[in-house]
Amino acid sequence: INVVCTDLKTTKLAVHSFQNFRFLLPFRCPGWHSSQVCMHRSSCYRWRCRCLCRLTPECVPSMMFQDDGSASWRKRKKHFFILSNSGKPIYSRYGDEHRLAGFSATLQAIVSFVENSGDHIKFVRAGKHQIVFLVKGPIYLVCISCTEETFEGLRGQLELMYGQMLLILTKSVNRCFEKNPKFDMAPLLGGTDAVFLSLIRAFSWNPATFLHAYTCLPLAQATRQAASAVLQDIADSGVLFALLMCDHKVISLVGAQKATLHPDDILLLANFILSSESFRTSESFSPICLPRYNPMAFLYAYVHFFDENTYLTLLTPRSDAFFDLKDSRARIQDVLLKSNVLLEVQRSLHENVLRVEDVPIDPTSQSTSAPAQSSQGLNSQPLSSDEAIGGPAGLWHFIYKSVYLDQYVSSEFALPIKNPKQQKRLYKAYQKVYASMHDKATGPHKTQFRRTEDYVMLSWITQDFELYAAFSPLADKTQAIKICNRVCQWIRDLEDRVFIYGESTIAW
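Start counting the sequence shown at 1; every next residue gets the next number (full-length UniProt numbering).
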């Protein structure tokens, strides 16, 4: 069992009680050169792994009464915990928080032991399991995983979990712990399990969780401009941000002058809205916090769904703005209907998708307005028109991120990546490649070609964009490079449809 800290070279062994097992944990940091880890009186405690991707009403009651003594609880592949610095449980992905009080106390004891030694714990490796810690003042967040995800990826997920908690409570909750170290925060998050579960599921399917970028619904430029124009026409309502979204995709975004909305805030806000059934049934006015914008203060979100997928969110600092925003929404809805924006949105959901089969392979199809390939293209020969894309040795999927815009676009899943298990495995591969490309210890890297038994992964980072592409494991390296060049050119030709350029401002 390796416990990796920040600076500490060696630390005494400590005994921690965990159910009927006792662990003696050796603490060391990455700079410790010895590969041998001394273990005494340690017992082997293993979790059998089973992944639960979606909750069903039938399984919720049984899960609610699980604890660390339940065999079904130990079988889970990935656990998330939030607890206080006094060891009080706040949230657990599986099981009842109160039944896990002893387990939470053990996690708190590990953190406290390391901190009392003048260090900060980062993660623990125990066999196939990795236990990642994130300490945020009086709040501890822990992930226990045997999914082979990277430390950086799991820590990023804990950061988003913390951000989701701040969106509901703000960072001012720390004052409660300053007044009372034994403060029980769990009741403040009552009824928000669905929000956290939705975010945890997004870690397996939404690239925004590791790219820190948002994606836009593909639309004609005129349609998007019409949507932006009507959102800008609400200056007299004191709106700080106005978002028109379709599920987790942005249709239009406008903000007050000098106010910017971070992609992580968009992700957490959309997750909060889409996972709360009350927002869908009626227009709502709710206090929320944007942790990247201002973690200490509440804004007020007016939310209204135009249909099952499309919704409007107006953010204001005014707590008495409900009726003003209600009137603004009515005007916005009227214009969106008359200009057929909502109709185009529904059409785009089914028609305007990027398919790897549609990537142009004819070099003459290159747009005259696009930047020259020679300026930053990968080393390759021109792709001939008779070389096929897709198939057993072709392109299966890609993700393209605009670095300047903090936006990304991805292709639809094609054969053979059709079922959820295969898609989930591919996203984990993307996360590993992303972490490797941005590794501060060995990188960052500009290009990477990785072949496994499942995929060929090709990554390419420039000042302007990042590209992550998955090919058949039989794909030729030269052909993969040619196809990546073609994908980048294709996205440049479509950028007016798939990206939002020049975020609009509200003048008030």
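Virtual Cβ for every residue (Gly too), placed ideally from N, Cα, C. Keep in mind it's a predicted model, so treat the numbers as computed, not measured.
**Own chain partners of residue 134 with C-beta closer than 7 Å, once the 5 adjacent residues on each side are dropped** = Along the sequence shown, read from residue 1 onward, the residue named residue 134 stands at position 134. In the same chain as residue 134, and ignoring 5 residues on each side of it, the C-beta atoms closer than 7 Å to its own belong to 141, 155, 158, 159 and 162, in chain order.
**Message:** Please list the terminal residues of the continuous alpha helix (DSSP H) segment that includes residue 351.
**Reply:** The residue given as residue 351 occupies position 351 in the sequence shown. Counting along the chain, the unbroken alpha helix (DSSP H) around residue 351 starts and ends at 341-351.
**Prompt:** Cα separation between residue 465 and residue 307?
**Reply:** On the sequence shown, residue 465 is found 465 positions in, with the first residue counted as 1. On the sequence shown, residue 307 is found 307 positions in, with the first residue counted as 1. Residue 465 and residue 307 have their C-alpha atoms some 34 Å from each other.
**Item:** Outcome for residue 279 when other beta-carbon atoms lying within 10 angstroms are tallied against a minimum of 16
**Value:** Sequence index remark: in the sequence shown, residue 279 carries index 279 (1-based). Answer is buried; the Cβ neighbour count reaches 16.
**Under 8 Å between C-beta atoms of residue 319 and residue 293** = Taking the sequence shown and counting its residues from 1, one reaches residue 319 at position 319. Taking the sequence shown and counting its residues from 1, one reaches residue 293 at position 293. Cβ distance not < 8 Å, so residue 319 and residue 293 don't count as in contact.
**Asked** For residue 304, which option in 273, 475 and 264 has the closest C-alpha, if you only look at C-alpha atoms?
**Response** For the purposes of this step, residue 304 is taken as residue 304 along the sequence shown, with counting starting at 1. Comparing Cα positions, the closest option is 273.
**Prompt:** Starting from residue 495 and walking both ways along the alpha helix (DSSP H), at which residues does that stretch end?
**Reply:** Residue 495 sits at position 495 when you count from the first residue of the sequence shown. It spans 477-498 - the alpha helix (DSSP H) in which residue 495 sits, taken as one unbroken run.
**Prompt:** Cβ of residue 182 within 7 Å of any heavy atom in the ligand GTP?
**Reply:** By its list of ligands, the structure shown contains no ligand whatsoever, and the ligand GTP lies outside what it can speak to.
**Request:** Note the first and the last residue of the continuous beta strand (DSSP E) segment covering residue 466.
**Result:** In the sequence shown, counting from the first residue as 1, residue 466 sits at position 466. Its beta strand (DSSP E) spans residues 465-471.
**Request:** Mind reading off the beta-carbon distance from residue 217 to residue 250? Whole number of angstroms is fine, and I expect it under 8 Å.
**Result:** Walking along the sequence shown from the start, residue 217 turns up at place 217. Walking along the sequence shown from the start, residue 250 turns up at place 250. Taking the Cβ atoms as the reference, residue 217 lies roughly 7 Å from residue 250, within the contact range of under 8 Å.
**Message:** Can you tell me whether residue 262 is helix, strand or coil according to DSSP?
**Reply:** Here residue 262 refers to the residue found at position 262 of the sequence shown. Residue 262 carries a coil assignment under DSSP once its states are collapsed to helix, strand and coil.
**Message:** Quick test of your reading: residue 309 and residue 246, contact by CB under 8 Å. State the CB separation rounded to the nearest angstrom.
**Reply:** On the sequence shown, residue 309 is found 309 positions in, with the first residue counted as 1. On the sequence shown, residue 246 is found 246 positions in, with the first residue counted as 1. The pair is a contact, with the Cβ atoms about 5 Å apart (cut-off 8 Å).
**Asked** My guess is that residue 208 and residue 267 are in contact by the Cβ rule of under 8 Å, so how many angstroms apart are they, rounded?
**Response** Taking the first residue of the sequence shown as 1, we reach residue 208 at position 208. Taking the first residue of the sequence shown as 1, we reach residue 267 at position 267. Beta-carbon to beta-carbon, residue 208 and residue 267 are separated by about 5 Å, close enough to satisfy the 8 Å threshold.
**Message:** So for residue 73, helix, strand or coil by DSSP?
**Reply:** Working through the sequence shown from its first residue, we reach residue 73 at position 73. Looking at residue 73 - three-state DSSP - the assignment turns out to be helix.
**Prompt:** Pairing CB atoms from the region 180-191 with CB atoms from the region 79-88, are three or more of them under 8 Å?
**Reply:** The region 180-191 and the region 79-88 touch, with no fewer than 3 CB-CB distances between them shorter than 8 Å.
**Request:** Quick one: residues in its chain with C-beta nearer than 6 Å to the C-beta of residue 354, no 5 flanking neighbours on either side, listed in chain order?
**Result:** For the purposes of this step, residue 354 is identified with residue 354 of the sequence shown, where counting begins at 1. Around residue 354: 411.
**Asked** With a Cβ-Cβ cutoff of 8 Å, do residue 288 and residue 167 count as a contact?
**Response** In the sequence shown, residue 288 corresponds to position 288, counting from 1. In the sequence shown, residue 167 corresponds to position 167, counting from 1. Against a cut-off of 8 Å, the Cβ pair of residue 167 and residue 288 comes out as a contact.
**Item:** Backbone CA spacing between residue 348 and residue 113 [nearest angstrom]
**Value:** Looking up residue 348 in the sequence shown gives position 348. Looking up residue 113 in the sequence shown gives position 113. One C-alpha to the other measures close to 54 Å.
**Request:** Enumerate in chain order the residues of its own chain whose CB-to-CB distance from residue 200 is below 7 Å, with the five nearest sequence positions on each side excluded.
**Result:** For the purposes of this step, residue 200 is taken as the residue at position 200 of the sequence shown. Cβ neighbours of residue 200 beyond the five flanking positions: 80 and 93.
**Item:** Same chain only: Cβ atoms within 8 Å of residue 438, ignoring 5 sequence neighbours per side
**Value:** Position 438 of the sequence shown, counting from 1, holds the residue named residue 438. Sequence-distant partners of residue 438 (beyond 5 residues in either direction) whose C-beta falls short of 8 Å from its own C-beta, in its chain, are 152 and 444.
**Per DSSP, cross-strand counterpart(s) of residue 317** = As a working mapping, residue 317 is identified with position 317 in the sequence shown. Beta-bridge partners of residue 317 (DSSP): none assigned.
**Request:** May I have the straight-line CA-CA distance separating residue 359 from residue 485, to the nearest angstrom?
**Result:** Within the sequence shown, numbered from 1, the residue matching residue 359 stands at position 359. Within the sequence shown, numbered from 1, the residue matching residue 485 stands at position 485. Looking at the backbone, the Cα of residue 359 and that of residue 485 are separated by about 11 Å.
**Item:** Contacting residues, own chain, Cβ-Cβ under 7 Å from residue 494 (five flanking each side not counted)
**Value:** If you number the sequence shown from 1, residue 494 lands on position 494. Cβ contact annotation for residue 494 (same chain, cutoff 7 Å, sequence separation greater than five): none.
**Prompt:** Helix, strand or coil for residue 98 per DSSP?
**Reply:** Here residue 98 refers to the residue found at position 98 when the sequence shown is read from its first residue. In the three-state scheme derived from DSSP, where H, G and I count as helix and E and B as strand, residue 98 is classed as helix.
**Asked** Nearest CA to the CA of residue 399: which residue from 426, 416 and 326?
**Response** On the sequence shown, position 399 is the one that residue 399 refers to. Ranking 426, 416 and 326 by Cα distance to residue 399 puts 426 first.
**Asked** Grouping DSSP H, G and I as helix and E and B as strand, with all else coil, what is residue 430?
**Response** On the sequence shown, position 430 is the one that residue 430 refers to. Residue 430 falls in the helix class under three-state DSSP.
**Prompt:** Can you give, in chain order, each stretch of the alpha helix (DSSP H) that sits fully within the region 161-205 and has at least 4 residues?
**Reply:** Within the region 161-205, the complete alpha helix (DSSP H) runs of at least 4 residues are 174-179 and 193-202.
**Item:** Closest by C-alpha distance to residue 476, when choosing among 451, 492 and 461
**Value:** One-based indexing of the sequence shown puts residue 476 at position 476. Relative to residue 476, the option among 451, 492 and 461 whose CA is nearest is 451.
**Prompt:** Based on the DSSP output, what are the partners of residue 449 in its beta bridges?
**Reply:** Within the sequence shown, residue 449 is the residue found at index 449, counting from 1. DSSP, once it has assigned bridges, lists 458 as partnering residue 449.
**Asked** Measuring CA to CA, which of 95, 326 and 295 is closest to residue 282?
**Response** Counting from one through the sequence shown, the residue named residue 282 turns up at place 282. Looking only at 95, 326 and 295, the smallest Cα-Cα distance to residue 282 is reached by 326.
**Item:** Which of helix, strand or coil DSSP assigns to residue 125
**Value:** Along the sequence shown, read from residue 1 onward, the residue named residue 125 stands at position 125. In this structure, residue 125 counts as strand in the three-state DSSP scheme.
**Prompt:** Does the beta-carbon distance from residue 404 to residue 434 come in below 8 Å?
**Reply:** For this step, residue 404 is matched to residue 404 along the sequence shown. For this step, residue 434 is matched to residue 434 along the sequence shown. One thing to note: residue 404 has its Cβ no nearer than 8 Å to the Cβ of residue 434.
**Asked** If you draw a straight line from the alpha carbon of residue 125 to that of residue 422, how long is it in whole angstroms?
**Response** Here residue 125 refers to the residue found at position 125 when the sequence shown is read from its first residue. Here residue 422 refers to the residue found at position 422 when the sequence shown is read from its first residue. If I take the Cα positions, the gap works out to 26 Å.
**Prompt:** Span of the alpha helix (DSSP H) holding residue 332?
**Reply:** Residue mapping note: residue 332 aligns to position 332 of the sequence shown, counting from 1. 322-338 is the span of the alpha helix (DSSP H), which, as asked, contains residue 332.
**Asked** Are the beta-carbon atoms of residue 330 and residue 396 separated by less than 8 Å?
**Response** Within the sequence shown, residue 330 is the residue found at index 330, counting from 1. Within the sequence shown, residue 396 is the residue found at index 396, counting from 1. Residue 330 is not a Cβ neighbour of residue 396, given a cutoff of 8 Å.
**Asked** Exposed or buried, residue 440, counting other C-beta atoms within 10 Å across all chains shown (16 or more means buried)?
**Response** Position 440 of the sequence shown, counted from the first residue, corresponds to residue 440. With fewer than 16 Cβ atoms within 10 Å of its Cβ, residue 440 is classed as exposed.
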